[in-house]
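A.B. asks: Sharing a structure below in structure tokens format, with a few things to ask.
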Amino acid sequence: MKVSREEILHIAKLANLNLKEEEVDTYLLHLQDILNFANIVNNAPVDGLQETIGANDNYNVFRKDEVEVFEDNEALLQNAPEEERNMFKIPKVIQ
Amino acid sequence: MEITELTVHELKEKLDKKELTITQITKAYVDRMKEKENDVQAFVNTLEKEALEKAEDIENKVKNGEMQGEYVGIPIGIKDNICTKGVKTTCSSKMLENFVAPYDATVVERLNEEGLINLGKLNMDEFAMGASTEYSAFKKTRNPWNLNTVPGGSSGGSAAAVASNMVPWALGSDTGGSIRQPASFCGVVGLKPTYSLVSRYGLVAFASSLDQIGPITKDVEDSAILLNIIAGHDRRDTTSENIEKKDYTKALKNDVKGMKIGIPKEYFGEGINSEVKEKLYEAIEKYKELGAEVEEFSLDIADYALATYYIIACAEASSNLGRFDGIRYGYRTKNFTSLKDIYRNSRSEGFGAEVKRRIILGTYVLSSGYYDAYYKKAQQVRTLVKKEFDKAFEKYDVLLTPTSPNVAFEIGTKSNNPLEMYLADICTVSVNIAGLPGISIPCGVNSEGMPIGMQLIGPKFGEENLLNAAYTYEQAVKFREKYKPEFKK
Chain A
1020 MKVSREEILH
1030 IAKLANLNLK
1040 EEEVDTYLLH
1050 LQDILNFANI
1060 VNNAPVDGLQ
1070 ETIGANDNYN
1080 VFRKDEVEVF
1090 EDNEALLQNA
1100 PEEERNMFKI
1110 PKVIQ
Chain B
22 MEITELTVHE
32 LKEKLDKKEL
42 TITQITKAYV
52 DRMKEKENDV
62 QAFVNTLEKE
72 ALEKAEDIEN
82 KVKNGEMQGE
92 YVGIPIGIKD
102 NICTKGVKTT
112 CSSKMLENFV
122 APYDATVVER
132 LNEEGLINLG
142 KLNMDEFAMG
152 ASTEYSAFKK
162 TRNPWNLNTV
172 PGGSSGGSAA
182 AVASNMVPWA
192 LGSDTGGSIR
202 QPASFCGVVG
212 LKPTYSLVSR
222 YGLVAFASSL
232 DQIGPITKDV
242 EDSAILLNII
252 AGHDRRDTTS
262 ENIEKKDYTK
272 ALKNDVKGMK
282 IGIPKEYFGE
292 GINSEVKEKL
302 YEAIEKYKEL
312 GAEVEEFSLD
322 IADYALATYY
332 IIACAEASSN
342 LGRFDGIRYG
352 YRTKNFTSLK
362 DIYRNSRSEG
372 FGAEVKRRII
382 LGTYVLSSGY
392 YDAYYKKAQQ
402 VRTLVKKEFD
412 KAFEKYDVLL
422 TPTSPNVAFE
432 IGTKSNNPLE
442 MYLADICTVS
452 VNIAGLPGIS
462 IPCGVNSEGM
472 PIGMQLIGPK
482 FGEENLLNAA
492 YTYEQAVKFR
502 EKYKPEFKK
């Protein structure tokens, strides 16, 4: 499958990434290269085979829904790029 | 023999006989780090002072009978994508350069319960994406056998630190070969356990259905010991299997008589370097001498598995790495006016080129219009790969292949060609796709003295046979007695 410039810009937008002009060309080239190789999966004899979503067969692992309080607020907030009064700070979103 | 040359089981023996003390051992490693780290660059963050203090503290507790782990006081190095409370966990990324985990990973809790001492956090490819450790945002780790070559990746810091005796053993993580391939490049032992045997809680996720933490050690016995410490059910990882706890050291029988070893002939094809093949054939002969029943068979899945791996791993990564948005932790851009700017600019500035490449590939294969052709197909191929392995294990106890098609390559020779770098994983990825255990052990050196690794693969939860097969070969060949890294410049 041939990937277009527009497509890669669209994908980058979906992934919340900005690409510089010169990056677009490199990523386009690499993505095309890798996809050409990955296309081999379309020749695999998989007719009638189910999809595997994980390495083990566990399905719906349940536990009691109990609240566990994480005490160390300070440790959590010390990683915040910006905080105020024990809360994460972000720019204004409501105009 | 120098203290730092000893394996962990040898250190333990000396501790038990009171020939060495806990502080002497830690001190020896700290001195070794000072001597070798400048050349090897294995650590993102060393903890010399903390380790020495902890050694003293533990030594006192042991004297007073307050601590009694079997391996209490043994130092260890930890890959920098495994969360350590109060100590930075960077994933070798600018995104997490200043991140201090608020909790310990389950495996780290287990190391602490045992009384192990953390010597530092080890370098890796950014977010474990790579096969050479060149994609670290901070430094390039060098291979102790030849400092101009890569240590492999992504657990390159872990393997290089063990090979250069800066740590007695280390934890790595393996998503497509990231424990086994660097172990092979650095002439040490690397075990990727069965998926779900070791808890992933606190391992920064790359591809959740493939990631697994495991030991990188000097020999097979140490590998079994470290697996004993870290394996076991954890309710905080819902994929973690609740199976009976085993003592893997009991499996080391030094006997493979009657063991059935399958050689998948497709793993010895034209892409494999001839010197690598030659050493592997010698290893196969050795197994025959030791009484194993060796047989060649066909397992024609390597190319499919590699393509499938890159589709699935990148798809999962694109989703897992969505959490890095510059809000609660991690890098935040200085350049923003809106919330959207924070997301996009933080991610674009915080992630390195390879991570972005994989996020883009992953987003592409999951996007509407391509999902069926790539992602869905890959999930079906995953079923095919599992079935082919199931069939093989009806006949064989373990499978034997090269770990990597080549020995360690020169720094800078592959980092600009992603596809070529990906092809280096051809022998290892199918093990992750099927969730199996695999181990890499050294089986010789090439004409330039660079180590060559042999991979053994077992069925799910077949670690005992796997470790015994590796151990028996190791005892017969004694690689460590013959070859040592020379720190060639």
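Protein chains in written order, with the working numbering: chain A, 1020 to 1114; chain B, 22 to 510. From the three backbone atoms N, C-alpha and C, an ideal C-beta is built for every residue, glycine too. Just so you know, these numbers come straight off a predicted model, no measurement behind them.
When the Cα of Gly1067 of chain A is compared with those of B:Ile79, B:Lys397, B:Glu31, which residue comes out closest?
C.D. replies: Working through the first sequence from its first residue, we reach residue 1067 of chain A at position 48. Distances from the CA of Gly1067 of chain A to each of B:Ile79, B:Lys397, B:Glu31 were compared; the closest alpha carbon is that of B:Lys397.
A.B. asks: Between the segment 1066-1098 of chain A and chain D, which residues of the former have CB atoms less than 8 Å from a CB of the latter, in chain order?
C.D. replies: Of the protein chains in this structure, namely A and B, none is chain D.
A.B. asks: Does the segment 151-164 of chain B come into contact with the segment 78-94 of chain B, if we say contact requires no fewer than three beta-carbon pairs (one atom in each stretch) closer than 8 Å?
C.D. replies: Two segments are said to touch when three or more pairs of C-beta atoms, one from each, lie closer than 8 Å; by this definition the segment 151-164 of chain B does not touch the segment 78-94 of chain B.
A.B. asks: Looking at the unbroken alpha helix (DSSP H) that takes in Gln202 of chain B, where does it start and where does it end?
C.D. replies: Looking up residue 202 of chain B in the second sequence gives position 181. Per DSSP, Gln202 of chain B belongs to the alpha helix (DSSP H) from 201-207.
A.B. asks: So who's on the other strand from Gly283 of chain B, going by DSSP bridges?
C.D. replies: Taking the first residue of the second sequence as position 1, residue 283 of chain B is located at position 262. Its beta-bridge partners are B:Glu316, B:Leu420.
A.B. asks: How is Phe289 of chain B classed by DSSP in three states: helix, strand or coil?
C.D. replies: Counted from its first residue, the second sequence places residue 289 of chain B at position 268. It is helical.
A.B. asks: What residues in its chain sit with their C-beta under 8 Å from that of Glu26 of chain B, if we drop five residues either side in the sequence?
C.D. replies: Within the second sequence, the letter at position 5 stands for residue 26 of chain B. The answer, listed in chain order, is Asn186.
A.B. asks: Is the beta carbon of Ala455 of chain B closer than 8 Å to that of Lys407 of chain B?
C.D. replies: Position 386 of the second sequence, counted from the start, is the residue given in the question as residue 407 of chain B. Position 434 of the second sequence, counted from the start, is the residue given in the question as residue 455 of chain B. Cβ atoms of Lys407 of chain B and Ala455 of chain B: closer than 8 Å.
A.B. asks: Let me know if Ser194 of chain B comes out buried or exposed under the rule of 16 or more other beta-carbons within 10 Å of its beta-carbon.
C.D. replies: In the second sequence, the residue the question calls residue 194 of chain B occupies position 173. By the neighbour-count rule (16 or more Cβ atoms within 10 Å), Ser194 of chain B is buried.
A.B. asks: Indicate whether the contact test is met: 3 or more Cβ pairs, each with one atom in the segment 202-219 of chain B and one in the segment 166-173 of chain B, closer than 8 Å.
C.D. replies: yes
A.B. asks: Under a three-way DSSP split, which group does Thr170 of chain B fall into?
C.D. replies: Here residue 170 of chain B is taken as the residue at index 149 of the second sequence, counted from 1. Shown here, Thr170 of chain B sits in a strand according to DSSP, grouped into three states.
A.B. asks: Contact check, Pro165 of chain B vs Val297 of chain B under 8 Å by CB: the rounded distance?
C.D. replies: For the purposes of this step, residue 165 of chain B is taken as residue 144 along the second sequence, with counting starting at 1. For the purposes of this step, residue 297 of chain B is taken as residue 276 along the second sequence, with counting starting at 1. About 20 Å; that fails the 8 Å criterion.
A.B. asks: With a Cβ-Cβ cutoff of 8 Å, do Ala429 of chain B and Ile462 of chain B count as a contact?
C.D. replies: Here residue 429 of chain B refers to the residue found at position 408 of the second sequence. Here residue 462 of chain B refers to the residue found at position 441 of the second sequence. No.
A.B. asks: Could you check the C-alpha separation between Asp232 of chain B and Gln1114 of chain A for me, to the nearest Å?
C.D. replies: Along the second sequence, one-based indexing puts residue 232 of chain B at 211. Along the first sequence, one-based indexing puts residue 1114 of chain A at 95. The straight-line gap from Cα to Cα measures roughly 43 Å.
A.B. asks: Got a sec? Which residues, its chain only, sit under 6 Å from Glu262 of chain B by beta carbon, not counting five neighbours each side?
C.D. replies: Translated into the one-based positions of the second sequence, residue 262 of chain B becomes position 241. Excluding residues within five positions, the ones whose Cβ falls inside 6 Å are Ser217.
A.B. asks: When DSSP labels each residue in this structure, what does Ile447 of chain B get in the three-state scheme?
C.D. replies: Within the second sequence, numbered from 1, the residue matching residue 447 of chain B stands at position 426. In this structure, Ile447 of chain B counts as coil in the three-state DSSP scheme.
A.B. asks: Could you list which residues in chain B have their beta carbon closer than 7 Å to that of Asn1105 of chain A, in chain order?
C.D. replies: Sequence index remark: in the first sequence, residue 1105 of chain A carries index 86 (1-based). One finds nothing in chain B with a Cβ atom closer than 7 Å to the Cβ of Asn1105 of chain A; even the nearest lies about 13 Å away.
A.B. asks: Alpha carbons only, please: which of B:Phe159, B:Asn144, B:Glu242, B:Asn167 is nearest the one belonging to Gly177 of chain B?
C.D. replies: Position 156 of the second sequence holds residue 177 of chain B. Considering only alpha carbons, the answer is B:Asn144.
A.B. asks: CB of Tyr350 of chain B to nearest heavy atom of the ligand HEM: below 7 Å?
C.D. replies: With respect to the ligand HEM, the structure shown offers nothing to examine, as it has no ligands at all.
A.B. asks: Count the CB pairs spanning the segment 236-251 of chain B and the segment 276-285 of chain B that are closer than 8 Å, and state whether there are at least three.
C.D. replies: no
A.B. asks: Compare the C-alpha of Glu1051 of chain A against each of A:Asp1084, A:Val1088, A:Val1022, A:Pro1100 and name the closest.
C.D. replies: Mapped onto the first sequence, residue 1051 of chain A falls at position 32. It should be pointed out that residue 1051 of chain A corresponds to Gln in this sequence rather than to Glu. Selected option, being the one with the closest Cα: A:Val1022.
A.B. asks: Which residues of chain B have a Cβ atom closer than 7 Å to the Cβ of Lys1052 of chain A, listed in chain order?
C.D. replies: Here the question's residue 1052 of chain A lines up with position 33 in the first sequence. Per the sequence presented here, residue 1052 of chain A reads as Asp, with Lys not at that position. Within 7 Å Cβ-Cβ: Leu440.
A.B. asks: Applying the 10 Å Cβ sphere with the 16-neighbour rule, what's the burial state of Ser319 of chain B?
C.D. replies: Mapped onto the second sequence, residue 319 of chain B falls at position 298. By the 10 Å Cβ count, Ser319 of chain B comes out exposed.
A.B. asks: Using a Cβ cut-off of 8 Å, which residues of the segment 218-236 of chain B contact any Cβ in chain A, in chain order?
C.D. replies: The segment 218-236 of chain B vs chain A, Cβ under 8 Å: Ser230, Leu231.
A.B. asks: Is there a C-beta anywhere in chain A that falls below 8 Å from the one on Leu212 of chain B?
C.D. replies: Here residue 212 of chain B refers to the residue found at position 191 when the second sequence is read from its first residue. With 8 Å as the cut-off, Leu212 of chain B does not count as an interface residue toward chain A.
A.B. asks: When the Cα of Lys281 of chain B is compared with those of B:Pro458, B:Ala413, B:Glu337, B:Glu74, which residue comes out closest?
C.D. replies: Taking the second sequence and counting its residues from 1, the one referred to as residue 281 of chain B is at position 260. The option with the nearest alpha carbon to Lys281 of chain B is B:Ala413.
A.B. asks: Spatial neighbours of Lys1046 of chain A within its chain, please: CB distance less than 7 Å, with the 5 preceding and 5 following residues excluded, ordered by chain position.
C.D. replies: As a first step, residue 1046 of chain A is located in the first sequence; it is residue number 27 there, counting from the start. The question names Lys, but residue 1046 of chain A in the sequence shown is Tyr. These residues qualify, in order along the chain: Ile1027, Leu1038.
A.B. asks: Specify whether the segment 219-232 of chain B and the segment 466-485 of chain B touch according to this definition: at least 3 beta carbon pairs, one from each stretch, less than 8 Å apart.
C.D. replies: By the Cβ test, the segment 219-232 of chain B is not in contact with the segment 466-485 of chain B, since fewer than three Cβ pairs between them sit closer than 8 Å.
A.B. asks: CB-CB under 6 Å to Leu327 of chain B, same chain, minus the five flanking residues each way: which ones, in chain order?
C.D. replies: Stepping through the second sequence from its first residue, residue 327 of chain B is reached at position 306. For Leu327 of chain B, where only same-chain residues beyond five positions count, the Cβ hits under 6 Å are Ile447, Val450.
A.B. asks: If you measure from the beta carbon of Leu1028 of chain A to each beta carbon in chain B, is any gap under 8 Å?
C.D. replies: Against the first sequence, residue 1028 of chain A aligns to sequence position 9. Closer than 8 Å: no.
A.B. asks: Answer with buried or exposed for Glu409 of chain B, where buried requires no fewer than 16 other C-beta atoms within 10 angstroms of its C-beta.
C.D. replies: Position 388 of the second sequence, counting from 1, holds the residue named residue 409 of chain B. The residue in question, Glu409 of chain B, is buried, as its Cβ has 16 or more Cβ neighbours within 10 Å.
A.B. asks: Report the neighbours of Pro123 of chain B on chain A: residues whose CB is nearer than 7 Å to its CB, in chain order.
C.D. replies: Indexing the second sequence from 1 puts residue 123 of chain B at position 102. Correct list: Asp1091, Ala1094, Leu1095.
A.B. asks: Between B:Gly107, B:Arg53, B:Ile43, B:Phe148, which has its C-alpha nearest Ala76 of chain B's C-alpha?
C.D. replies: Here residue 76 of chain B is taken as the residue at index 55 of the second sequence, counted from 1. Closest option to Ala76 of chain B, Cα to Cα, is B:Ile43.
A.B. asks: Are Lys213 of chain B and Ala158 of chain B closer than 8 Å when you measure CB to CB?
C.D. replies: Numbered from 1 along the second sequence, position 192 holds the residue referred to as residue 213 of chain B. Numbered from 1 along the second sequence, position 137 holds the residue referred to as residue 158 of chain B. Against a cut-off of 8 Å, the Cβ pair of Ala158 of chain B and Lys213 of chain B comes out as no contact.
A.B. asks: Pro463 of chain B bridges to which residues according to DSSP?
C.D. replies: As a first step, residue 463 of chain B must be located in the second sequence, where it is residue number 442. For Pro463 of chain B, which the question treats as bridged, DSSP gives the partners B:Gly474.
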